[in-house]
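Participant: Attaching a single structure in structure tokens format; questions to follow.
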Amino acid sequence: MKENRVFNFNPGPAAIPLEVLEEIQEEFLNFKGSGMSITEISHRSKPFDDVINDAIERTKRLLKLDDRFKVLFIQGGASMQFCMIPMNLLADDKSADYVNTGTWATKAIKEAQLLKKTIKVVASSEDKNFSYIPENVKFSPDAAYAHITSNNTIKGTQFADFPDTGNIPIISDMSSDIMSRPLDIDRFGLIYAGAQKNLGPAGVCMVIIRDDMLERVPDTVPSMLKYTTYSSKNSLYNTPPCFAIYTVQLVLKWLEEKIGGLKNMEKINKKKAAILYDFFDTSNFYNGTAEKNSRSLMNVTFRLPNEDLEKAFVADATKNNLIGLKGHRSVGGCRASIYNAMPTEGIEALVDFMKVFESKNG
Ligand SMILES: Cc1ncc(COP(=O)(O)O)c(C=O)c1O
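Residue numbers for the sequence shown follow this note's numbering, beginning at -8 and rising by one.
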């Protein structure tokens, strides 16, 4: 670990690869010979055009997107997509299917309902406190889309495979697992992800949208909430969050050039998560909260024998430079968020610490 740095297990904003931070630092005062920083240059300048276009091209290569797909950068976080999706893609005489796997899916459902759209919750894991991913979900053959949250940041569950929706396009909130594994892109009509977990800093949401989805957008949607505003102007209709997009571009470059693409990233992520889960499976002190076949490779949620021990665990871990292990305030317990940027070394340090903590308190 670099001097003065910690292992950052925060759920988001989350760790960014050290190489990326160093690159930002290196070119911060004089971006590409401009004599200005990236935060000072025009979003209509050639250097920024190169940044946004490179981010788009890298996204296309990493996810193997063909020409049907547009990559957009939109503000308002993933939360704004909860309303933009039904506003743009769900006509009043149609219905959409939603799978409810936790807090974020519940919010997506609520926003569609606020708009008085017709939606159907076709499956939910609420009966067991969202600790699993529903299987064998039956989707409606005439649904406008099927909305799922691929990774549930708070409950630590993840779709290992995407459900069979037949011809219905999948719309997925991938805020906490985008770019963590390859995708079969043909099945998706739209993918969205707030950047602040696996892509870079907060302030921008990546939206990948297929051209037939863009054709659905009604004229009546206000300009800033309309996908076609972003797709027709290369996300430069108004001033975009330039610094966030620039950092995303560097993270994508790191993924392509340092990691070697999403297959490699997935292999690394599986290995990292296995270190923690294998450890839980031999322990009576630490208990994973997600059902085994629904476990997330990104957010590892667990409990200790009681809440006092959990508090002591988080405090002691912090003293040992292992930061951000407290569970979400709505569920308690502990959570290690181990996104792409968390090195294996960080997971090993965590497990070593967990063993010591158990030997003192178990
Ligand atoms: C899966 C998921 N969806 C949506 C959100 C909300 O994202 P934002 O804060 O960018 O609106 C989060 C935030 O943690 C998330 O984990």
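Even for Gly, the Cβ is constructed at its ideal location relative to N, Cα and C.
Label E102 either buried or exposed according to how many other C-beta atoms from any shown protein chain fall within 10 Å of its C-beta, with 16 as the threshold for buried.
Facilitator: When all chains shown are included, E102 counts as buried.
Participant: Here's the rule: buried if 16 or more other CB atoms are within 10 angstroms of the residue's CB, otherwise exposed. What is S263?
Facilitator: The displayed chain sequence assigns Lys, not Ser, to residue 263. When all chains shown are included, K263 counts as buried.
Participant: Measure the C-alpha to C-alpha separation of N290 and N312 and round it to an integer number of angstroms.
Facilitator: Computed Cα separation, rounded: 19 Å.
Participant: When you measure from the CB of T140 to every non-hydrogen atom of ligand 1, does any distance come out below 6 Å?
Facilitator: Checking every heavy atom of ligand 1 against the Cβ of T140, one is found closer than 6 Å.
Participant: Ligand 1 and G315: does any heavy atom of the ligand fall closer than 6 Å to the residue's C-beta?
Facilitator: Every heavy atom of ligand 1 is 6 Å or more from the Cβ of G315, so no.
Participant: Measuring CA to CA, which of R178, N(-5), F121, A96 is closest to T292?
Facilitator: The shortest Cα separation from T292 among R178, N(-5), F121, A96 belongs to F121.
Participant: Starting from L63, trace the beta strand (DSSP E) both ways and give me its first and last residue.
Facilitator: Unbroken beta strand (DSSP E) run through L63: 60 to 65.
Participant: Given the structure, does T220 come close to ligand 1, in the sense that its CB is under 6 Å from one of the ligand's heavy atoms?
Facilitator: For ligand 1, not one heavy atom lies less than 6 Å from the Cβ of T220.
Participant: Under the criterion of a Cβ to heavy atom distance below 6 Å, does T144 qualify as lining ligand 2?
Facilitator: Within the structure as shown, ligand 2 is missing, the only ligands being ligand 1.
Participant: Check N255 in the structure and name its three-state DSSP category.
Facilitator: Three-state DSSP puts N255 in a helix.
Participant: Can you tell me where the alpha helix (DSSP H) with L300 in it begins and where it stops?
Facilitator: Start and end: 298 to 310.
Participant: My assumption, with CB atoms under 8 Å, is that V195 sits in contact with P154. Please give the rounded CB distance.
Facilitator: So it is not a contact: roughly 28 Å between Cβ atoms.
Participant: State the beta-bridge partners of D88 as determined by DSSP.
Facilitator: For D88, which the question treats as bridged, DSSP gives the partners K111, A137.
Participant: Take S25 and list the residues in its own chain whose beta-carbon comes closer than 7 Å to its own, dropping the five residues that flank it on each side.
Facilitator: Excluding positions up to five away in sequence, the list reads I32, P38.
Participant: Where does the unbroken alpha helix (DSSP H) through A327 begin, and where does it stop?
Facilitator: No alpha helix (DSSP H) holds A327; the beta strand (DSSP E) holding it covers 325 to 328.
Participant: List the residues that DSSP assigns as beta-bridge partners of I176.
Facilitator: Paired residue(s): none; I176 is not in a bridge.
Participant: Reducing DSSP to helix, strand and coil, say where R49 ends up.
Facilitator: Note: R49 maps to helix in three-state DSSP.
Participant: Mapping the DSSP letters down to three states, classify A184 as helix, strand or coil.
Facilitator: Of the three classes helix, strand and coil, the one that applies to A184 here is strand, per DSSP.
Participant: Under a three-way DSSP split, which group does F348 fall into?
Facilitator: Correct three-state label for F348: helix.
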